[in-house]
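Chains as they are written, first to last, in the working numbering: chain A, 149 to 490; chain B, 149 to 490; chain C, 149 to 490.
Quick reminder that beta carbons are idealized off the backbone N, C-alpha and C, glycines included.
Predicted model, so just to flag it, every value in this text is computed and none were measured.
Here is the structure we will look at.
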Amino acid sequence: MEFVFDAWYVAGWSRNFQHELVPQTILEQNLVFFRQNDDKLVALEDRCPHRLLPLSKGNLVGDNVECGYHGMTFDGNGKCVRIPAQDNLPPSAYVDTYPVEERHGIVWVWMGIKEKADPNLIFNMDEFKDSSWHKHLGDALHIKAHYLNVAENLVDPAHVSFVHPTTLGSAASQDVPVEVSTTDDPIAAWRWIRNAPPVGFFQKFGSFSGNVDRWHYYYLHLPSTAVIDFGSAASDLQLKEDERHKGVRIFAIHFVTPVTRDYTIDHWMHMRNAAVGNDDASKQIDDLFRIAFEEDKEILEAIHKEEQRQQTRAPIRIAIDRAPLVYRKRIKELVNLGSQQR
Amino acid sequence: MEFVFDAWYVAGWSRNFQHELVPQTILEQNLVFFRQNDDKLVALEDRCPHRLLPLSKGNLVGDNVECGYHGMTFDGNGKCVRIPAQDNLPPSAYVDTYPVEERHGIVWVWMGIKEKADPNLIFNMDEFKDSSWHKHLGDALHIKAHYLNVAENLVDPAHVSFVHPTTLGSAASQDVPVEVSTTDDPIAAWRWIRNAPPVGFFQKFGSFSGNVDRWHYYYLHLPSTAVIDFGSAASDLQLKEDERHKGVRIFAIHFVTPVTRDYTIDHWMHMRNAAVGNDDASKQIDDLFRIAFEEDKEILEAIHKEEQRQQTRAPIRIAIDRAPLVYRKRIKELVNLGSQQR
Amino acid sequence: MEFVFDAWYVAGWSRNFQHELVPQTILEQNLVFFRQNDDKLVALEDRCPHRLLPLSKGNLVGDNVECGYHGMTFDGNGKCVRIPAQDNLPPSAYVDTYPVEERHGIVWVWMGIKEKADPNLIFNMDEFKDSSWHKHLGDALHIKAHYLNVAENLVDPAHVSFVHPTTLGSAASQDVPVEVSTTDDPIAAWRWIRNAPPVGFFQKFGSFSGNVDRWHYYYLHLPSTAVIDFGSAASDLQLKEDERHKGVRIFAIHFVTPVTRDYTIDHWMHMRNAAVGNDDASKQIDDLFRIAFEEDKEILEAIHKEEQRQQTRAPIRIAIDRAPLVYRKRIKELVNLGSQQR
Numbered sequence: 149m150e151f152v153f154d155a156w157y158v159a160g161w162s163r164n165f166q167h168e169l170v171p172q173t174i175l176e177q178n179l180v181f182f183r184q185n186d187d188k189l190v191a192l193e194d195r196c197p198h199r200l201l202p203l204s205k206g207n208l209v210g211d212n213v214e215c216g217y218h219g220m221t222f223d224g225n226g227k228c229v230r231i232p233a234q235d236n237l238p239p240s241a242y243v244d245t246y247p248v249e250e251r252h253g254i255v256w257v258w259m260g261i262k263e264k265a266d267p268n269l270i271f272n273m274d275e276f277k278d279s280s281w282h283k284h285l286g287d288a289l290h291i292k293a294h295y296l297n298v299a300e301n302l303v304d305p306a307h308v309s310f311v312h313p314t315t316l317g318s319a320a321s322q323d324v325p326v327e328v329s330t331t332d333d334p335i336a337a338w339r340w341i342r343n344a345p346p347v348g349f350f351q352k353f354g355s356f357s358g359n360v361d362r363w364h365y366y367y368l369h370l371p372s373t374a375v376i377d378f379g380s381a382a383s384d385l386q387l388k389e390d391e392r393h394k395g396v397r398i399f400a401i402h403f404v405t406p407v408t409r410d411y412t413i414d415h416w417m418h419m420r421n422a423a424v425g426n427d428d429a430s431k432q433i434d435d436l437f438r439i440a441f442e443e444d445k446e447i448l449e450a451i452h453k454e455e456q457r458q459q460t461r462a463p464i465r466i467a468i469d470r471a472p473l474v475y476r477k478r479i480k481e482l483v484n485l486g487s488q489q490r
Numbered sequence: 149m150e151f152v153f154d155a156w157y158v159a160g161w162s163r164n165f166q167h168e169l170v171p172q173t174i175l176e177q178n179l180v181f182f183r184q185n186d187d188k189l190v191a192l193e194d195r196c197p198h199r200l201l202p203l204s205k206g207n208l209v210g211d212n213v214e215c216g217y218h219g220m221t222f223d224g225n226g227k228c229v230r231i232p233a234q235d236n237l238p239p240s241a242y243v244d245t246y247p248v249e250e251r252h253g254i255v256w257v258w259m260g261i262k263e264k265a266d267p268n269l270i271f272n273m274d275e276f277k278d279s280s281w282h283k284h285l286g287d288a289l290h291i292k293a294h295y296l297n298v299a300e301n302l303v304d305p306a307h308v309s310f311v312h313p314t315t316l317g318s319a320a321s322q323d324v325p326v327e328v329s330t331t332d333d334p335i336a337a338w339r340w341i342r343n344a345p346p347v348g349f350f351q352k353f354g355s356f357s358g359n360v361d362r363w364h365y366y367y368l369h370l371p372s373t374a375v376i377d378f379g380s381a382a383s384d385l386q387l388k389e390d391e392r393h394k395g396v397r398i399f400a401i402h403f404v405t406p407v408t409r410d411y412t413i414d415h416w417m418h419m420r421n422a423a424v425g426n427d428d429a430s431k432q433i434d435d436l437f438r439i440a441f442e443e444d445k446e447i448l449e450a451i452h453k454e455e456q457r458q459q460t461r462a463p464i465r466i467a468i469d470r471a472p473l474v475y476r477k478r479i480k481e482l483v484n485l486g487s488q489q490r
Numbered sequence: 149m150e151f152v153f154d155a156w157y158v159a160g161w162s163r164n165f166q167h168e169l170v171p172q173t174i175l176e177q178n179l180v181f182f183r184q185n186d187d188k189l190v191a192l193e194d195r196c197p198h199r200l201l202p203l204s205k206g207n208l209v210g211d212n213v214e215c216g217y218h219g220m221t222f223d224g225n226g227k228c229v230r231i232p233a234q235d236n237l238p239p240s241a242y243v244d245t246y247p248v249e250e251r252h253g254i255v256w257v258w259m260g261i262k263e264k265a266d267p268n269l270i271f272n273m274d275e276f277k278d279s280s281w282h283k284h285l286g287d288a289l290h291i292k293a294h295y296l297n298v299a300e301n302l303v304d305p306a307h308v309s310f311v312h313p314t315t316l317g318s319a320a321s322q323d324v325p326v327e328v329s330t331t332d333d334p335i336a337a338w339r340w341i342r343n344a345p346p347v348g349f350f351q352k353f354g355s356f357s358g359n360v361d362r363w364h365y366y367y368l369h370l371p372s373t374a375v376i377d378f379g380s381a382a383s384d385l386q387l388k389e390d391e392r393h394k395g396v397r398i399f400a401i402h403f404v405t406p407v408t409r410d411y412t413i414d415h416w417m418h419m420r421n422a423a424v425g426n427d428d429a430s431k432q433i434d435d436l437f438r439i440a441f442e443e444d445k446e447i448l449e450a451i452h453k454e455e456q457r458q459q460t461r462a463p464i465r466i467a468i469d470r471a472p473l474v475y476r477k478r479i480k481e482l483v484n485l486g487s488q489q490r
């Protein structure tokens, strides 16, 4: 099995979960989410233990889920509280539950052994609470590809010049080597493109008049959350690496959730230190990201198809692969050490 | 193999078979039906023994079927009567035939060993010939599900309250226990809901003013024909179980035909002791059934998908499962005793 | 494996290949074609050896192909000429190449071991260069069927009476025996239908007033190129077999290219000794062929589906199968003798 079970994964944005049944597949497990009347969000196994109907095909009755076939009813703890026309409630009549936490409008679900579910492990950034940063929850990109390919792409600055030539990258960056740091979590990969015209993104957003220094820092947190710190500053400022806060700086954050081994959802959001409070700027960034991420999707889905075909020789590795290779090695270790399944 | 081969199955209504080639798959066998000029309906294996083209892609020439590829021609007994440009007709040039019988406008085909095909085994009811009953052949419901789940649903009165809350059932019946009789063929399961408002169906059809006693008797005949005797009578009549003929009584009859292990056709018809000769009433019943059976279809297809997934624990059984469990046991015995395939 | 690798296959018409990347799957190999600036057409393995992205998703930069993911670049010989941000070009960084030849507007690609690629083996006809023959490249018919069934159909005159009753055949020919010659390459099968009304095709094209003698000669060249020599002459001319040039004569030529074991492309063209230079006549023939070949497609796809089902008894063989059977035997020999894969 290629999944890291003992981890928190993003199931969506808080605003999308109301007092209704919402089915979601994560790590090939079918879950049903609903918000209780006390606003607490819960997730149950989406399968009645009687005749296997997904509970999401049934009804929410108060804070309980009633199966749509014979009315067997479960509370938010997965406990069976009713079997119609029967007094006895056997102990086998239960459904599994999944720990759910909400932070800053983001819904996290723990897919591993429940005893290990520690809310302190949930991904966090100081900027989430910093009002000098504008925070914007974006959208969900559905990709027919394995999640490792999706996540690997997010610690790979080199693809930007070729996959996103009109939005996030440009020809000027093609031959700039990538620097990496692979000893810690997150794994990091970055490069600076100095003294070049601003790329499409910053042409629109930064209103620079001359050449800029542009940086891309990719941080990949295990198992599959990526923060891309990118920005630009006027080249004559000669910005140092740790002076990025002086430029126009954006964090694109990707929460990569494996659905099946052939399907992945990338929930993405962004934060910035400019145009704070400007919703129109958020919308412009959303639009640019949508174009760019569709470019990733096309590449990743084509590769996924190719990977299903019989392989005749081993793929070659090149210099820019260092961070992705370390990432895959780390995941393998996590998979071997952790729960093999739930 | 999960099919009972030595049995008569419904292929459709007589009115739908004319002097033309009609392909049908039953028990994963491909058949082609056609009505001869003498009105006799025949069924052949739908595959030319030469290059395997389905004969239904060819032409009916008189009472013979001509293959659409090279013109090899078979009569209604499956015998090859012509090979173009060749005098010799080898004995291997034949197609299998299937015994076909028509009764009361219903087409039955025997899928097992031909020698065992006994027309006396065809499902029958006295009311088919009783003019005080209005008989109406309905439609065919196509369901992407295993036939055992479809048939089991037809000896399960308990699902009605939850799957059909606005048409055939209501909340009043949720906790009424189900009685069963499992020693004979048919297996029976029933319950009475006494002194409750009429459900949607009888609101439309029975024109009751006060509360009614409502009954649902499910009779499942092996392998897969179900008769649902349901009706209502004014509660103040205090009807006994064997006095159902005094109320408004309807038989919904389902002929469940396995197509493949993933696909089932339910040909359904109905009979009633009220509004005899009233075609508009038949149409109203058809419309109500169409809504109700679509509700079943949605449930059964969702379960079928779920059953294809890896199972992590055994499903639990509850009180209302008695009749379905006996049904599955009986089918297993029939499968083991009968022809393993045709 | 059921493919003959050591052979030239048609990839399309020259006019359809420009200075752009065109993906094509042949014998389950993915290729990308492009025309260099010197007009030479080349074909590469359509898969970057780095992360497996099909190169056809990338860009043509001069005469080189740049991968759309990280910009790895290959020349027309499959040699890697650039890895962005890296000086070292490892020897494993290459893609396979496929020999390509163009003849008379037809693009041929060699799918076997490169050393065996001999352009003298490319299918040729004297009439290709004969200005008294009108040559017309037609279209490509996509068929969801195994190529052996498609090719076999092209050495089978007997199917014409039944599959193409209104275009190429007629009832008059149903019982005319087929003559065959199976000792050489091509395998040949033919028959004459003497003194019958002209079929649809020649009604439109030949403007005959009385009965005609019609011939169909099917020549199947290994592995899968078919020439169908068919024509008509007024019956009172009493044409001998070798006097076909005196009648209205058409060659329909089919280049059958296996895509996968479930998918085949038939590139077809035609030549004629009448209405030379008349483009309207070419269009009329195209239209007639399109109708006729759709009829073949329907039959072949239905057979392909049937062949995927479990077989319960061996298909029977009849007199008209002689040429197809020899063809299959020859292919089997070629497959066993040749490269098992590329």
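Self-check item: First through last residue of the beta strand (DSSP E) which encompasses phenylalanine 399 of chain B
Solution: Residues 396-408.
query = Which class does alanine 471 of chain B belong to by DSSP, given the choice of helix, strand or coil?
reply = Three-state DSSP puts alanine 471 of chain B in a helix.
Query raised in the report: So which of B:Glu176, B:Ala155, B:Gly206, B:Lys477 has the shortest CA-CA distance to valine 407 of chain B?
Result: It is B:Glu176.
| How would you write the range of the alpha helix (DSSP H) that aspartate 390 of chain B sits in, first residue to last? | For aspartate 390 of chain B, there is no enclosing alpha helix (DSSP H), as DSSP gives it neither H nor E.
With H, G and I counted as helix, E and B as strand and the rest as coil, what does DSSP make of tyrosine 157 of chain B?
Looking at tyrosine 157 of chain B - three-state DSSP - the assignment turns out to be strand.
Q.
Can you give me the C-alpha to C-alpha distance between asparagine 225 of chain C and proline 239 of chain B, rounded to a whole angstrom?
A. As the crow flies, the alpha-carbon of asparagine 225 of chain C is around 59 Å from that of proline 239 of chain B.
- request: Step through the CB atoms of chain B and report whether any lies within less than 8 Å of the CB of alanine 241 of chain A.
  value: Cβ-Cβ to chain B under 8 Å: yes for alanine 241 of chain A.
**Study point:** Residues near aspartate 434 of chain B in its chain [Cβ-Cβ closer than 6 Å; skip 5 each side]
**Key:** Answer for aspartate 434 of chain B: Gly286, listed in chain order.
- When the Cα of isoleucine 233 of chain B is compared with those of B:Lys394, B:Gly219, B:Pro202, B:Glu389, which residue comes out closest? Before going on, a small fix: residue 233 of chain B reads as alanine here, not isoleucine. Distance check between alanine 233 of chain B and each of B:Lys394, B:Gly219, B:Pro202, B:Glu389 places B:Gly219 closest, using alpha-carbon atoms only.
| query | To the nearest angstrom, how far is it from the Cα of asparagine 272 of chain C to the Cα of glycine 160 of chain B? | reply | Taking the straight line from one Cα to the other gives about 56 Å.
query: The alpha helix (DSSP H) spanning serine 430 of chain A covers which residue range?
result: Residues 427-456.
message = Spatial neighbours of glutamate 449 of chain C within its chain, please: C-beta separation below 8 Å, excluding the five flanking residues on both sides.
response = Closer than 8 Å at the Cβ level, and outside the excluded window around glutamate 449 of chain C, lie Ile291, Lys292, Ala293.
- Task: Could you work out which residues of chain B lie near aspartate 323 of chain C, taking near to mean beta carbons separated by less than 8 Å?
- Result: Residues of chain B whose Cβ lies closer than 8 Å to the Cβ of aspartate 323 of chain C are, in chain order, Pro232, Ala233.
Reduced DSSP secondary structure (H/G/I, E/B, other) of tyrosine 411 of chain A:
Reduced to three states, the DSSP call for tyrosine 411 of chain A is strand.
Review point. What residue from C:Asp428, C:Leu201, C:His312, C:Gln432 has the CA that sits closest to aspartate 459 of chain A's CA?
Key: At residue 459 of chain A the sequence reads glutamine, which differs from the aspartate that was named. In this structure, C:Leu201 is the residue among C:Asp428, C:Leu201, C:His312, C:Gln432 with its C-alpha nearest to the C-alpha of glutamine 459 of chain A.
ask   = If you follow the alpha helix (DSSP H) that glycine 348 of chain C is part of, which residue opens it and which one closes it?
value = 348-353 is the extent of the alpha helix (DSSP H) around glycine 348 of chain C.
| request: Compare the Cα-Cα distances from leucine 192 of chain A to each of A:Asp186, A:Ser204, A:Asn185, A:Gly379 and report the closest residue. | output: It is A:Ser204.
Is there contact between the region 249-256 of chain C and the region 332-343 of chain A, where contact requires at least three CB pairs shorter than 8 Å?
No, because fewer than three Cβ pairs between the region 249-256 of chain C and the region 332-343 of chain A fall closer than 8 Å, the two stretches do not touch.
contact_flag[the region 257-271 of chain A, the region 367-386 of chain B] where n(CB pairs < 8 Å) is 3 or more | With fewer than three CB-CB distances shorter than 8 Å, the region 257-271 of chain A does not count as touching the region 367-386 of chain B.
ask   = If the cut is a Cβ gap below 7 Å, which residues of chain C does phenylalanine 310 of chain A touch?
value = Residues of chain C passing the Cβ test: Gly216, Tyr217, His218, Gly219.
Counted within 10 angstroms of its Cβ, other Cβ atoms place leucine 485 of chain A as buried (16 or more) or exposed: Classification of leucine 485 of chain A: exposed, given that the 10 Å Cβ count is below 16.
_Could you check whether aspartate 194 of chain C and valine 209 of chain C sit closer than 8 Å to each other, using their CB atoms as the reference points?_
Going by C-beta atoms, valine 209 of chain C is not nearer than 8 Å to aspartate 194 of chain C.
Residues from the region 343-360 of chain C in contact with chain B, defined by Cβ distance under 9 Å:
Of all residues in the region 343-360 of chain C, none comes within less than 9 Å of chain B when Cβ atoms are compared.
Worksheet item: Since glutamate 300 of chain A and proline 472 of chain A are thought to touch, with beta carbons under 8 Å apart, how far apart are those beta carbons, to the nearest angstrom?
Response: With a Cβ gap of about 4 Å, glutamate 300 of chain A and proline 472 of chain A count as contacting.
| Roughly how many whole angstroms lie between the Cα atoms of aspartate 323 of chain B and tyrosine 157 of chain A? | Going from the Cα of aspartate 323 of chain B to the Cα of tyrosine 157 of chain A covers about 40 Å.
Runs of alpha helix (DSSP H) lying entirely within the region 306-388 of chain A, each at least 4 residues, in chain order: Whole alpha helix (DSSP H) segments, 4+ residues: 308-311, 348-353.
Mark arginine 457 of chain B as exposed unless 16 or more other C-beta atoms lie within 10 angstroms of its C-beta, in which case mark it buried.
By the Cβ neighbour-count rule, arginine 457 of chain B is exposed, with fewer than 16 other Cβ atoms within 10 Å of its own.
State yes or no: is the beta carbon of glutamate 455 of chain C nearer than 8 Å to at least one beta carbon in chain B?
With 8 Å as the cut-off, glutamate 455 of chain C counts as an interface residue toward chain B.
Beta carbon proximity, histidine 307 of chain C to chain B, threshold 8 Å: Interface annotation, histidine 307 of chain C: in contact with chain B, CB-CB separation under 8 Å.
> According to DSSP, which residues form a beta bridge with glutamine 177 of chain C?
Replying inline: Assignment of beta-bridge partners to glutamine 177 of chain C by DSSP yields C:Ile174.
Beta-carbon of alanine 337 of chain C versus every beta-carbon of chain B: anything under 8 Å? Residue contact with chain B for alanine 337 of chain C: absent (no Cβ-Cβ distance below 8 Å to any residue of chain B).
key: Close beta carbons around lysine 394 of chain A, own chain, < 8 Å, minus the five adjacent residues each side   = Taken in chain order, the residues that qualify are Ala381, Leu385, Leu387.
Please compile the residues from chain A whose C-beta is within a distance smaller than 8 Å of the C-beta of alanine 320 of chain B. Taking a Cβ-Cβ cut-off of 8 Å, alanine 320 of chain B has no neighbours in chain A, whose nearest Cβ is about 12 Å from it.
Return helix, strand or coil for aspartate 287 of chain C, following the three-state DSSP convention.
Assigned with DSSP and collapsed to three states, aspartate 287 of chain C falls in strand.
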